[in-house]
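> Taken in sequence, the protein lines are chains A and B. Its first residue numbered 278, the first sequence is counted upward by one per residue in the numbering used here. Its first residue numbered 54, the second sequence is counted upward by one per residue in the numbering used here. We treat Cβ as the ideally placed atom computed from N, Cα and C, and that holds for glycine. These numbers come from a predicted model, not from an experiment.
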Amino acid sequence: MQIDWLTVAAQIVNFLVLVWLLQRFLYRPISNAMRRREDRIEERLAEARSARGDAEEEAERLRQERAELAERKEQMLEEARAEADDLRKERAAALRAEMEEKRETWQAQLAQERADFARAVQEQAARELIEITEDVLQDFADADLADRVSRTFVARLENLEEARREKLAQAARDSDEPARVETASPLPAEAKRRLTRAIHDGLSTDLEVQYAETADLVLGVRLAIGDQTVEWSVRRYLDRLENAMTETLKAGGPVPEAAQQTEGADTA
Amino acid sequence: MEISPDSWILYEWRGLQLNATIAFTWVVMAVLVIGARAITLRLSAGETVSRWQVMLEVIVSTIRQQIDDVGAQKPDRYLPFIGTLFLFIATANILAIVPGYQPPTGSLSTTAALAICVLIAVPLFSIARRGLAGYLKTYVRPTPFMLPFNIISEVSRTVALAVRLYGNVMSGTVIVGILISVAPFFFPVLMQLLGLLTGLIQAYIFAILAMVYIASASRVHGKTGGDDAPNPEKGD
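#1: In angstroms with no decimal places, state the Cα-to-Cα distance between residue 144 of chain B and residue 264 of chain B.
#2: Would you say residue 327 of chain A faces chain B, with C-beta separation under 9 Å as the test?
#3: With 16 as the cutoff for other CB atoms within 10 Å, does residue 537 of chain A come out buried or exposed?
#4: Which residues of chain A have a Cβ atom closer than 7 Å to the Cβ of residue 90 of chain B, listed in chain order?
#5: Got a sec: which bits of the segment 123-136 of chain B sit with their beta carbon under 9 Å from any beta carbon on chain A, in order along the chain?
#6: Interface residues of chain A around residue 82 of chain B at Cβ under 8 Å?
#7: Could you name the residues of chain B that residue 331 of chain A contacts, counting a contact when the two beta carbons are closer than 8 Å?
#8: Identify whether residue 502 of chain A lies in helix, strand or coil by the three-state DSSP scheme.
#9: Can you list the residues of chain B that residue 311 of chain A reaches, using a CB-CB cut of under 8 Å?
#10: Per DSSP, which residues does residue 62 of chain B bridge with? Please list them.
#11: In chain order, which beta strand (DSSP E) runs of at least 3 residues are fully inside the segment 461-524 of chain A?
#12: Throw me the rounded Cβ distance for the residue 175 of chain B and residue 267 of chain B pair, which I believe falls under 8 Å.
#13: Classify residue 305 of chain A as helix, strand or coil using the three-state DSSP reduction.
#14: To which residues of the same chain is residue 485 of chain A closer than 6 Å at the C-beta, ignoring the five residues directly before and after it?
#15: Just checking: is the beta-carbon of residue 157 of chain B within a distance shorter than 9 Å of some beta-carbon in chain A?
#16: Can you tell me whether residue 182 of chain B is buried or exposed, with buried defined as 16 or more other CB within 10 angstroms of its CB?
#17: Around the Cβ of residue 291 of chain A, are there at least 16 other Cβ atoms within 10 angstroms (buried) or fewer (exposed)?
#18: Going by the beta-carbon positions, is the gap between residue 271 of chain B and residue 139 of chain B smaller than 9 Å?
#19: Shorter than 9 Å from the beta carbon of residue 146 of chain B to some beta carbon of chain A?
#20: So residue 314 of chain A contacts chain B; which residues on that side make the cut at Cβ distance below 7 Å?
#21: Does residue 286 of chain A have its Cβ less than 9 Å from a Cβ in chain B?
#22: Is residue 449 of chain A buried or exposed, if buried means 16 or more other CB atoms sit within 10 Å of its CB?
#23: Mind reading off the beta-carbon distance from residue 435 of chain A to residue 475 of chain A? Whole number of angstroms is fine, and I expect it under 8 Å.
#24: Compare the beta carbon distance of residue 295 of chain A and residue 82 of chain B with 9 Å and say whether it is the shorter of the two.
#25: Within the same chain, show all residues whose beta-carbon is closer than 6 Å to that of residue 156 of chain B, passing over the 5 residues directly before and after it, in chain order.
#26: Here's the rule I'm using: 16 or more other beta-carbon atoms within 10 Å means buried, otherwise exposed. How should residue 173 of chain B be labelled?
#27: Between which two residues does the alpha helix (DSSP H) harbouring residue 199 of chain B extend?
#28: Can the beta-carbon of residue 510 of chain A be found closer than 9 Å to that of residue 499 of chain A?
#29: How many whole angstroms separate the CB atoms of residue 460 of chain A and residue 423 of chain A, which I take to be in contact at a CB cut-off of 8 Å?
#30: Mind checking which residues open and close the alpha helix (DSSP H) that includes residue 445 of chain A?
#31: At a CB-CB cut-off below 9 Å, which residues of chain A make contact with residue 263 of chain B?
#32: Looking only at its own chain, which residues have a Cβ that is under 8 Å from the Cβ of residue 132 of chain B, when we skip the five neighbours before and after it?
#33: Check whether the segment 239-254 of chain B and the segment 187-207 of chain B touch, using three or more Cβ-Cβ pairs below 8 Å as the test.
#34: What residues of chain A sit near residue 140 of chain B, judged by a beta carbon separation below 9 Å?
#35: For residue 72 of chain B, would you say it is in contact with chain A, using Cβ-to-Cβ distances shorter than 9 Å as the test?
#36: For residue 218 of chain B, decide whether its Cβ has a neighbour in chain A, counting only Cβ atoms nearer than 9 Å.
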């Protein structure tokens with residue numbers, strides 16, 4: 278155990294110098310470097326936190342946007358689907374209506390054609406009937422028949438209603454022209470006398486009577502005094518028959534009924 | 054066989070003797086300062102840090118952590134003193150594995166010098182923190198009757214510090230010397246390894262005890278004085 282006090286003093290100085298040197302070259306630089314790094318790390322961490330917050334916000338925003346987009350897409354798809362459905366239904370309905378219309382038109386056309394055809398047939402038949410009747414009556418129109426016709430006409434003239442007879446008599450008085458009797462075939466003298474007498478008896482005694490022949494009567498007699506006419510002829514029956522047939526064909530009714538209605542033709 | 058490196062005179066000039074203790078102390082100082090300087094010249098505050106810097110950072114932060122654990126409130130204030138104590142003693146002891154080297158801590162003069170430094174540092178830190186009156190009051194607590202015992206305590210613990218370190222390091226050196234003469238193979242190596250461990254432990258003990266003394270001198274007043282509130286830090 279020996280203590281060299283000089284050495285002790287020197288060591289104290291040495292130690293203090295070492296403290297100063299190490300403080301200068303070791304502790305302070307190292308502490309500063311560590312502090313700087315800690316600051317830097319703290320700064321970086323703060324930056325990272327901030328960036329992370331930003332990124333999370335951005336991600337949240339993007340997520341919302343994507344959800345909105347998906348929703349909108351779904352909505353648009355739905356709308357488009359509904360629209361297409363509507364359009365399809367509309368087109369189908371339009372097509373159906375069009376087809377219905379065409380069908381109806383076609384049916385109407387068909388019915389019209391059928392009716393036209395039937396009418397044509399009926400008209401043809403009626404014309405044929407009239408012609409046949411006309412031919413038959415002309416074939417039978419001889420003197421006898423003319424005589425019979427004149428008798429019938431005389432009877433009819435005698436049975437004429439009063440107002441009509443009055444009108445005829447008035448016409449006979451006013452007219453300067455003679456009374457005109459038209460027949461389809463020439464009348465025998467007997468028949469002419471009978472007719473003249475009947476006219477004189479029934480209407481006016483001093484009335485002059487002229488006789489003429491006209492083929493269009495077919496069979497019958499027409500008496501014309503001034504503007505008044507009395508006629509009994511097959512032509513009138515035939516005209517009436519034709520009118521009735523035309524009306525019936527227009528109404529779409531059967532032809533034979535119209536022909537039956539021409540019975541009992543009268544003067545006009 | 055030399056027991057103390059004090060008596061190993063390397064150079065003598067006009068009555069001033071340069072003994073091995075001082076010379077090897079300079080060597081230790083040179084190693085520490087040059088090493089620290091070489092590393093801290095290229096300090097990095099970025100992400101890439103050299104291994105040497107990492108080593109220094111670990112050492113410094115560990116010392117600071119230890120100071121903090123003892124209870125000092127501001128480790129940076131005590132770091133130069135306590136850290137230098139530890140680094141100097143540890144380096145002086147570790148260099149013992151170099152042939153021809155005599156640890157300066159194996160000299161009672163060195164350990165006494167370090168203990169005296171602690172003896173002076175304790176009141177200095179305490180006064181810096183509490184003021185002179187506050188420091189002096191510690192000697193009459195808990196009662197004025199304790200004054201002589203407190204003084205004896207101060208002196209005895211200083212002596213204890215010096216002798217503990219000296220005894221451990223010197224004994225290590227001596228035991229190795231004796232073993233070499235008795236069993237020249239293997240045993241000295243084991244003892245040197247043990248000596249390294251002992252040297253580090255002693256460095257740690259010395260530094261921690263110094264810190265404990267300083268911390269207790271700074272703290273005791275607050276607890277026994279009944280004013281737990283933080284005192285104004287005079288002379289800080």
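The structure says:
#1: Computed Cα separation, rounded: 19 Å.
#2: no
#3: In this predicted model, residue 537 of chain A has a pLDDT of only 45, less than 50, meaning its place in the structure is not dependable enough to derive any value.
#4: 302
#5: 129, 132, 133, 134 and 136
#6: Within 8 Å Cβ-Cβ: 291, 294, 295 and 298.
#7: Per Cβ cutoff of 8 Å: no residues; residue 331 of chain A is ~23 Å from chain B at best.
#8: strand
#9: 110, 113 and 114
#10: Paired residue(s): B:72.
#11: Here the runs fully enclosed are 486-490, 497-502 and 505-510.
#12: 5 Å
#13: helix
#14: 455
#15: yes
#16: Residue 182 of chain B is classed as buried because its beta carbon has at least 16 other beta carbons within 10 Å across all chains shown.
#17: Residue 291 of chain A comes out buried.
#18: no
#19: Contact with chain A is absent for residue 146 of chain B, since none of that chain's Cβ atoms lies less than 9 Å from the residue's Cβ.
#20: 98
#21: yes
#22: Flag for residue 449 of chain A reads buried.
#23: 7 Å
#24: yes
#25: 145, 146, 149 and 222
#26: exposed
#27: No alpha helix (DSSP H) holds residue 199 of chain B; DSSP gives it neither H nor E.
#28: yes
#29: 6 Å
#30: 439-451
#31: Here the premise fails: no neighbours, minimum Cβ distance about 12 Å.
#32: 113, 116, 117 and 120
#33: No, they do not touch.
#34: 295, 299 and 303
#35: yes
#36: no
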